[in-house]
Amino acid sequence: MDWSKNQIKEFQQDLLSWYDDNKKPLPWRKTTEPYKIWISEIMSQQTQVETVMPYYERFMKKYPTIETLAQADDAELLKLWEGLGYYSRARNLKIAAQEVVDKYNGKFPDNLADILSLKGIGPYTAAAIASISFGLAEPAIDGNLMRVTSRLFELDCDISKSSSRKIFDGYLRKLISKKRPGDFNQALMDLGSLVCSPKSPKCEACPLLNYCAAAASGKQLNYPVKTKKIKQKDLYFTAFALENSLGEYYLEKRPSKGLLADMWTFPLTELPAADFEKMITDGSVSKNIVIPELPESISKMEYIANFTHIFSHQKWNLAIIKLKPEETFEVADELLSEDKMWVHFDSKVLTENGQPKVSRSQIPLAGPQVKMFEILDKKNKKIDLLK
Ligand code: SF4
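The working numbering numbers the first residue of the sequence shown as 161 and each following residue consecutively.
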């Protein structure tokens with residue numbers, strides 16, 4: 161990079177004054193408190209800020225301090241996270257909060273190495289906290305920063321390769337404002353999402369136009385260079401919506417390790433792609449499906465709907481099947497446990513002993529399960545209207 165000191169200074173001024181006038185009004189921008197910056201950064205990974213905002217507000221209300229998070233009840237924490245996806249983020253938050261309480265006496269560490277050592281915090285998040293909360297000149301390199309930088313300098317390095325990070329780091333370390341490093345990082349993030357967007361950069365409105373090599377050559381869309389994404393693996397599942405005579409649904413808790421750990425879903429059975437395709441095409445429920453809770457009752461089931469749920473490495477294709485309206489389903493008592501239970505829709509319903517029954521609003525539902533309840537709710541409403 162052959163920019164003079166003056167050029168770098170002017171670049172910083174142009175970028176920061178644009179930021180002062182145009183920054184996104186996000187709730188966590190009213191503070192530099194490391195705990196709040198950390199939570200907002202973890203929530204914003206893989207998730208749109210508009211989606212994050214209500215979650216952030218609820219989270220701060222429930223866990224206003226690092227100590228409260230360190231003592232959080234696991235199920236309540238997951239419930240609060242429901243719908244944000246990537247649930248390991250929530251689990252790691254609690255583990256890291258416990259680390260801060262135990263190792264740093266509840267005070268968030270103020271140097272990059274210690275921040276990076278906390279569970280679930282990678283180089284981007286560590287740099288974001290270090291720069292915003294502690295004024296350290298650490299570039300927080302995310303997709304936005306890589307896109308803008310690759311266009312500014314027409315960098316051909318592949319952003320999907322981890323080795324490219326060093327190259328971006330080298331450029332951004334020379335550019336970052338030592339006086340306002342946190343604002344510098346956030347300015348590039350906002351510029352990347354509001355102005356220098358992936359498909360239609362608004363160069364005429366960009367404060368960096370005079371510095372930008374790709375805009376000068378008209379090759380903005382050639383950058384960043386990125387090799388094709390690995391395709392997610394397709395998996396096929398039948399989801400059993402088993403309802404009893406009280407209108408409760410039978411849900412299972414997933415194992416405590418792996419995808420959607422400890423979240424609740426309808427019983428799921430994986431099936432071959434061909435059986436799945438046949439079911440969603442002609443509505444026939446495959447005889448090959450085995451439901452341990454319902455040994456020989458497959459003929460009583462009917463196909464309801466299908467949808468897909470995308471994870472980072474897997475694509476789940478789910479077909480919901482349900483007992484035919486004239487059928488009811490009862491589970492033998494010995495099959496019910498802490499990991500398998502009846503879940504009601506209404507939190508005010510009581511058991512025969514006067515205890516509140518478990519409602520679906522009390523337990524953390526897996527992402528696909530939230531969607532399945534939405535589908536069933538819509539179907540049930542339509543049926544009600546026909547009555
Ligand atoms: S001038 Fe255009 S391509 Fe260059 S940084 Fe600005 S918006 Fe992006």
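Backbone N, C-alpha and C define an ideal beta-carbon position, used for all residues, glycine too.
- Positions of the alpha helix (DSSP H) runs, each at least 4 residues long and wholly inside the segment 411-485, are given as 433-442 in order along the chain.
- If you keep only unbroken alpha helix (DSSP H) runs of at least 4 residues inside the segment 275-312, you get 283-294.
- Sequence-distant partners of Ser324 (beyond 5 residues in either direction) whose C-beta falls short of 7 Å from its own C-beta, in its chain, are Cys317 and Asp318.
- DSSP places Thr228 in the helix class (H, G or I) of the three-state scheme.
- With respect to the C-alpha of Val385, the residue from Ala288, Pro299, Met306 and Ser353 having the closest C-alpha is Met306.
- With a 10 Å radius around the Cβ and a threshold of 16 neighbouring Cβ atoms, Pro367 comes out buried.
- Not one heavy atom of ligand 1 falls within 8 Å of the beta-carbon of Cys317.
- Taking 9 Å as the cut-off, the beta carbon of Glu430 is found no closer than this to the beta carbon of Val445.
- Between Asp394 and Lys475, the beta carbon gap of about 5 Å places them in contact (Cβ cut-off 8 Å).
- For Phe426, same chain residues with a beta-carbon under 8 Å away, outside a window of 5 residues either side, are Ala399, Phe400, Ala401, Leu402, Tyr409, Tyr410, Leu411, Glu412, Ile480, Gln529 and Met532 in chain order.
- Ranked by Cα distance from Val260, the first of Glu437, Leu272, Leu278 and Arg251 is Leu278.
- For Lys379, same chain residues with a beta-carbon under 8 Å away, outside a window of 5 residues either side, are Glu314 in chain order.
- Taking 3 residues as the minimum length, the segment 193-220 contains no beta strand (DSSP E) run wholly inside it.
- Going by C-alpha positions, Gly352 is about 11 Å away from Arg311.
- In the three-state reduction of the DSSP assignment, Asp394 falls in the strand class.
- At a Cβ-Cβ threshold of 9 Å, Lys482 and Leu536 count as neighbours.
- For Val503, the enclosing beta strand (DSSP E) covers residues Lys500 to Val503.
- Less than 9 Å divides the Cβ of Leu478 from the Cβ of Phe397.
- Here the alpha carbons of Ile281 and Ser405 stand approximately 47 Å from one another.
- Of the other Cβ atoms in all chains shown, fewer than 16 fall within 10 Å of the Cβ of His473; this residue is therefore exposed.
- Taken atom to atom, the span from the alpha-carbon of Thr225 to that of Asp422 is near 25 Å.
- In the three-state scheme derived from DSSP, where H, G and I count as helix and E and B as strand, Ser323 is classed as coil.
- With fewer than 16 other Cβ atoms from the protein chains shown falling within 10 Å of its own Cβ, Met161 counts as exposed.
- Boundaries cannot be given for Pro187, as no alpha helix (DSSP H) includes it and DSSP labels it neither H nor E.
- Bridge partners of Ala399 according to DSSP: Leu428 and Ile480.
- Lys362 has its Cβ nearer than 8 Å to a heavy atom of ligand 1.
- Bridge partners of Leu332 according to DSSP: none are assigned.
- In the structure shown, Ser519 adopts extended strand secondary structure according to DSSP, grouped into three states.
- The DSSP-derived three-state label of Tyr264 is helix.
- Contact between Pro358 and Leu296 is ruled out by a C-beta separation of about 29 Å, above the 8 Å threshold.
- The beta carbon of Trp188 sits closer than 8 Å to the beta carbons of Lys196, Ile197, Ile199, Ser200 and Tyr216 from its chain, once the five residues preceding and following it are set aside; these are given in chain order.
- According to the DSSP assignment, Pro367 belongs to no alpha helix (DSSP H), since it is labelled neither H nor E.
- Rounded to whole angstroms, the gap between the alpha carbons of Val209 and Ser377 is 32 Å.
- Contact check for Ile470 against Ala235 fails: the beta carbons are separated by 9 Å or more.
- For Glu170, the enclosing alpha helix (DSSP H) starts and ends at Lys165 to Asn182.
- Annotation for Arg414: Leu420, Ala421, Asp422, Met423, Trp424, Thr425 and Ala526 place their beta carbon closer than 8 Å to its own, counting only its chain and skipping 5 residues before and after.
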